[in-house]
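Residue numbers (full-length UniProt numbering), protein chains in the order written: chain A, 1 to 202; chain B, 1 to 202; chain C, 1 to 202; chain D, 1 to 202. Don't be surprised by glycine CBs; every beta carbon is placed ideally from N, CA and C. Let me begin by presenting the structure, written as structure tokens, before commenting on it.
Protein chains: 4
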Amino acid sequence: MRTIDRMVAGFRSFRAIYYEQRPERVASLVEGGQKPEILLVACSDSRVDPAILMNAEPGELFVVRNVAALVPPYAPDGHYHGTSAALEYAVRDLKVQDIIVLAHSSCGGVSALVAATKHETMPDREFIQPWMSMMAGAVGDEEPAKASQDTLRQSIRNLRSFPFVQNAADLGYLNVHGWWFDMKEGALYRLNEDDGQFVRIE
Amino acid sequence: MRTIDRMVAGFRSFRAIYYEQRPERVASLVEGGQKPEILLVACSDSRVDPAILMNAEPGELFVVRNVAALVPPYAPDGHYHGTSAALEYAVRDLKVQDIIVLAHSSCGGVSALVAATKHETMPDREFIQPWMSMMAGAVGDEEPAKASQDTLRQSIRNLRSFPFVQNAADLGYLNVHGWWFDMKEGALYRLNEDDGQFVRIE
Amino acid sequence: MRTIDRMVAGFRSFRAIYYEQRPERVASLVEGGQKPEILLVACSDSRVDPAILMNAEPGELFVVRNVAALVPPYAPDGHYHGTSAALEYAVRDLKVQDIIVLAHSSCGGVSALVAATKHETMPDREFIQPWMSMMAGAVGDEEPAKASQDTLRQSIRNLRSFPFVQNAADLGYLNVHGWWFDMKEGALYRLNEDDGQFVRIE
Amino acid sequence: MRTIDRMVAGFRSFRAIYYEQRPERVASLVEGGQKPEILLVACSDSRVDPAILMNAEPGELFVVRNVAALVPPYAPDGHYHGTSAALEYAVRDLKVQDIIVLAHSSCGGVSALVAATKHETMPDREFIQPWMSMMAGAVGDEEPAKASQDTLRQSIRNLRSFPFVQNAADLGYLNVHGWWFDMKEGALYRLNEDDGQFVRIE
């Protein structure tokens, strides 16, 4: 059975549960609009789906997913910046209270970046290397797990380079969180920005 | 109770289920790496989480989420293109079999775009308007629901402008799907590329 | 991994979800007591768990489970009548609005009964045969699937032999439902008491 | 919306998930028959559904549910003994490896029993009092929570009065567990038969 057929069948279960069996939550979200408290920046990796990892319900998480869960630096140059646009919309329009950047171990994008630093480049890739290169200064010749933590540290710094983020944080309206998921151990860590260390929270 | 605390508690349930109660699936994904069959491009909207909508399991969906579920046109210019990087990685490295672009009704990004076409612009937004402007040619002064279908049609055309997508599709290795979710009705439609019409599938 | 260890791990996920992540429902049930609308009489069979079959939440179903989902006839003789005690408590104390008796295909208890009618008895069983014998008059030498429908018809008749059930039903406070689950097809049928036929409802 | 309508809608989600999206588990159970490792004797209380409490999947738990999760003493007298019949079938035919008797705090049946010991009887109840009276010798004028633990101790003793249970346990084929669920705290305890004390396991 192909996964796409499983997904269509899964949609039937979604509708049965959220529209027919317990329609209150979705009806309220359709009528009243979304009011998520959290913007989550996560990786596209199929193994770290935020709604599964956190048992979320519809309406709880406004989610950006890109390769390696990267936040680029503030650069209002008129180009297409998908992650920055979502960030802006979440903070300025939806007025989320928390931004979580969720990185993880065993990240393919980070491994590609580490390989590139060793000149083990993939010469015919047009997009993944420019994309990961935004983290080139943050990562050295190191273990991928450590590199993924370094990219998370840089993403948090980049996040704070957006004036609307830092201002909201300074005023106490917004909290910034760096979370790192150890996929092998099933453990969740948070970045302590004061000393740059990761502390296990679960 | 704050949503972020709910998410930490939800992570405990995830670990209890996927690492302790039924560890087979995740163990296999950690050992063997991810092998998703599907790349899904979805919207960041908190109400249309793909894993919830399709009752997905870890490992099934490689997911990009950005505002309005947009696919930009092919532009290998060395800039940061998050969605294109994910697309490249999914098709060329993970060798997915299906790409689904999932748009939906009541999309805030599309509403902003429609407002902008009427000169009801939000003057101090630096990112969301450049981002949505990639769809400016696809959308007119129209109902937001219709506009979200027009952006989906354009995303599918953009998707096919990537040589590695179109080549894989031509060779029969890759299928491209445009899906549209009617949030009010709980109905799922697919785009028929031949005539541009949407056909209800669920 | 033994199932009992899976169950302990599963309990951890239950607590994480229902006590930590979304405690409102259980807190209300603990404070306010249970107020189920439905008494469900179901089979002990591990494949037909009512909460799984109907995606129930805590507090929704008051459940009796015995071999073959049988309701015995009214017999207030002072003996231990577990099913009758639950029935009495549900109707008179909890004041449920609906009683569902849920039988199913491929029922081991019914197969034992059919075998016994053919003198293929299991001579050293002390309890299962007396228990199933309450249905001896309802079942002949027939297909087990048909026999399970015959036992359901008899259970519904037995249910109506309880004065407090029939009185509440006559007054319109209580509805009696016979449901039959076709395990192979995944289909749900209801008994039409007027003509004794089963009508597919799902 | 009535709960019975929610249950029919819930059945649609069950079928979509277990028959259409991920049919492997149920197909195997239909083809190969049930092979549960565990017999669980639980209470009918709507708040302590075993499949929800332990996040069970179809096929994992063979379940008896009666008021107060009682196991009667061994009495092969030819009467209808629903719980004993299920016990016999689970041990002798299904050959379960574990029997769990799961009692809980805030049990209405136990409260009725305690009330009866204080002569606060409910004079017109024909079944619940005979049923609970099987525990009369085990319970005194005490707190209901303590009384529910006393009934569990007695159920375990009764369980061991069945020769086929005790013999299988003596031979090491079968394990007997008394579990007690503290509904207010969300905690799970097990009975240590050696000293009669309850030890928290979760």
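Determine the burial state of residue 100 of chain C: buried for a count of at least 16 other Cβ atoms within 10 Å of its Cβ, exposed for fewer. Looking up residue 100 of chain C in the third sequence gives position 100. With 16 or more other Cβ atoms within 10 Å, it is buried.
Closer than 7 Å between beta carbons: that is the criterion. Which residues of the stretch 162 to 190 of chain C meet it against chain D? 183, 184, 186, 188
Which complete alpha helix (DSSP H) runs does the stretch 30 to 102 of chain D hold, if anything under 4 residues is left out? 50 to 53, 82 to 88
Under 7 Å by beta carbon: chain C residues contacting residue 21 of chain A: By 1-based counting over the first sequence, the position of residue 21 of chain A is 21. What residue 21 of chain A touches in chain C: 55.
Among B/177, B/20, B/148, nearest to residue 6 of chain C - alpha-carbon criterion: Within the third sequence, the letter at position 6 stands for residue 6 of chain C. Per the Cα distances, B/20.
As a quick exercise: from B/124, B/73, B/8, pick the residue whose alpha carbon is nearest that of residue 189 of chain A. Looking up residue 189 of chain A in the first sequence gives position 189. Comparing Cα positions, the closest option is B/8.
Checking contacts by CB at 7 Å: is residue 134 of chain A closer than that to chain B? To locate residue 134 of chain A, count along the first sequence from 1; it is residue 134. Yes, residue 134 of chain A lies at the interface with chain B (some Cβ there is under 7 Å from its Cβ).
Below 7 Å CB to CB, which residues in the same chain sit around residue 199 of chain D once its five sequence neighbours on both sides are set aside? Within the fourth sequence, residue 199 of chain D is the residue found at index 199, counting from 1. The residues are 189, 190, 192.
Expected contact under 8 Å - CB spacing of residue 103 of chain A and residue 51 of chain B to nearest Å: Here residue 103 of chain A refers to the residue found at position 103 of the first sequence. Here residue 51 of chain B refers to the residue found at position 51 of the second sequence. Contact doesn't hold; Cβ gap of about 19 Å is too wide.
Counted within 10 angstroms of its Cβ, other Cβ atoms place residue 197 of chain C as buried (16 or more) or exposed: Locating residue 197 of chain C in the third sequence gives position 197, counting from the first residue. Flag for residue 197 of chain C reads exposed.
Distance between residue 143 of chain C and residue 203 of chain A (C-alpha atoms, nearest Å): Nothing in the structure corresponds to residue 203 of chain A, since chain A is present only between 1 and 202.
Could you give the residue range of the alpha helix (DSSP H) that holds residue 187 of chain B? Residue mapping note: residue 187 of chain B aligns to position 187 of the second sequence, counting from 1. That residue, residue 187 of chain B, is in no alpha helix (DSSP H); its beta strand (DSSP E) goes 187 to 192.
Give a yes or no on whether the minimum CB-CB distance between residue 28 of chain A and chain D is below 7 Å. Position 28 of the first sequence, counted from the start, is the residue given in the question as residue 28 of chain A. No, residue 28 of chain A lies away from the interface with chain D (no Cβ there is under 7 Å from its Cβ).
If you draw a straight line from the alpha carbon of residue 105 of chain C to that of residue 148 of chain C, how long is it in whole angstroms? Numbered from its first residue, the third sequence carries residue 105 of chain C at position 105. Numbered from its first residue, the third sequence carries residue 148 of chain C at position 148. Straight-line Cα distance between these residues: approximately 7 Å.
Could you spell out where the beta strand (DSSP E) holding residue 166 of chain D opens and where it closes? The residue given as residue 166 of chain D occupies position 166 in the fourth sequence. Not the beta strand (DSSP E): residue 166 of chain D falls in the alpha helix (DSSP H), residues 163 to 170.
Between the stretch 4 to 18 of chain A and chain D, which residues of the former have a C-beta closer than 7 Å to a C-beta of the latter? 6, 9, 10, 12, 13, 16, 17
Any contact between the stretch 73 to 89 of chain D and the stretch 155 to 166 of chain D? By contact I mean 3 or more CB pairs, one from each, below 8 Å. yes
Own chain residues within Cβ distance below 8 Å of residue 194 of chain B, not counting five before or after: Here residue 194 of chain B corresponds to residue number 194 of the second sequence, with the count starting at 1. Nothing listed; no residue qualifies.
Strand pairing of residue 131 of chain B, partner residues [DSSP]: Looking up residue 131 of chain B in the second sequence gives position 131. Looking at the DSSP assignment, residue 131 of chain B forms no beta bridge with any residue, so it has no partner.
Output yes if chain B places a C-beta closer than 7 Å to the C-beta of residue 117 of chain A; else output no. Here residue 117 of chain A refers to the residue found at position 117 when the first sequence is read from its first residue. Not an interface residue.
Three-way DSSP call (helix, strand, coil) for residue 22 of chain A in this model: The residue given as residue 22 of chain A occupies position 22 in the first sequence. DSSP places residue 22 of chain A in coil when its eight states are reduced to three.
From residue 4 of chain C to residue 177 of chain D, what does the alpha carbon distance come to, in whole angstroms? In the third sequence, counting from the first residue as 1, residue 4 of chain C sits at position 4. In the fourth sequence, counting from the first residue as 1, residue 177 of chain D sits at position 177. Whole-angstrom Cα-Cα distance: 10 Å.
With respect to the beta strand (DSSP E) encompassing residue 200 of chain D, which residues constitute its N-terminal and C-terminal limits? If you number the fourth sequence from 1, residue 200 of chain D lands on position 200. Taken as a continuous stretch (DSSP letters only), the beta strand (DSSP E) holding residue 200 of chain D covers 197 to 200.
Inter-residue Cα distance where the pair is residue 84 of chain B and residue 125 of chain A: Counted from its first residue, the second sequence places residue 84 of chain B at position 84. Counted from its first residue, the first sequence places residue 125 of chain A at position 125. When rounded, the distance between both Cα atoms is 11 Å.
Rounded to the nearest angstrom, what separates residue 15 of chain A and residue 165 of chain C at their Cα positions? Here residue 15 of chain A refers to the residue found at position 15 when the first sequence is read from its first residue. Here residue 165 of chain C refers to the residue found at position 165 when the third sequence is read from its first residue. Cα to Cα, residue 15 of chain A sits roughly 35 Å from residue 165 of chain C.
If distances are taken between C-alpha atoms only, which option among A/53, A/64, A/96, A/118 comes closest to residue 172 of chain A? Along the first sequence, read from residue 1 onward, the residue named residue 172 of chain A stands at position 172. Measuring from the Cα of residue 172 of chain A, the nearest candidate turns out to be A/96.
In chain order, what residues of the same chain lie with their CB nearer than 7 Å to the CB of residue 26 of chain D, ignoring the 5 residues before and after it? Your numbering for residue 26 of chain D matches position 26 in the fourth sequence. If we look at residue 26 of chain D and ignore the five residues flanking it on each side, its Cβ neighbours are 18, 19, 58.
State the start and end residues of the unbroken alpha helix (DSSP H) segment that holds residue 5 of chain D. Within the fourth sequence, the letter at position 5 stands for residue 5 of chain D. Per DSSP, residue 5 of chain D belongs to the alpha helix (DSSP H) from 3 to 15.
Same chain, Cβ closer than 6 Å to residue 183 of chain C, neighbours up to 5 away in sequence not counted: If you number the third sequence from 1, residue 183 of chain C lands on position 183. The answer, listed in chain order, is 104, 105, 106.
Relative to the alpha-carbon of residue 145 of chain B, which residue among B/47, B/109, B/175 has its alpha-carbon at the smallest distance? What you label residue 145 of chain B is simply residue 145 of the second sequence in a count that begins at 1. Comparing Cα positions, the closest option is B/109.
I'd like the list of long-range same chain contacts for residue 135 of chain C, defined as Cβ closer than 7 Å, with 5 residues on each side in sequence excluded. Indexing the third sequence from 1 puts residue 135 of chain C at position 135. 70, 113, 151, 154, listed in sequence order.
Could you tell me which of A/44, A/39, A/38, A/37 sits nearest to residue 40 of chain B, measuring between CA atoms? Residue mapping note: residue 40 of chain B aligns to position 40 of the second sequence, counting from 1. Nearest of A/44, A/39, A/38, A/37 to residue 40 of chain B, Cα basis: A/44.
Residue 201 of chain D classed as buried or exposed, judged by whether at least 16 other C-beta atoms fall within 10 angstroms: As a position in the fourth sequence, residue 201 of chain D is number 201, starting the count at 1. By the neighbour-count rule (16 or more Cβ atoms within 10 Å), residue 201 of chain D is not buried but exposed.
Say whether chain B places a C-beta atom closer than 7 Å to the C-beta of residue 63 of chain A. Taking the first sequence and counting its residues from 1, one reaches residue 63 of chain A at position 63. With 7 Å as the cut-off, residue 63 of chain A counts as an interface residue toward chain B.
Determine whether the Cβ of residue 78 of chain A lies closer than 7 Å to any Cβ atom of chain B. Walking along the first sequence from the start, residue 78 of chain A turns up at place 78. Yes, because at least one Cβ of chain B sits closer than 7 Å to the Cβ of residue 78 of chain A.
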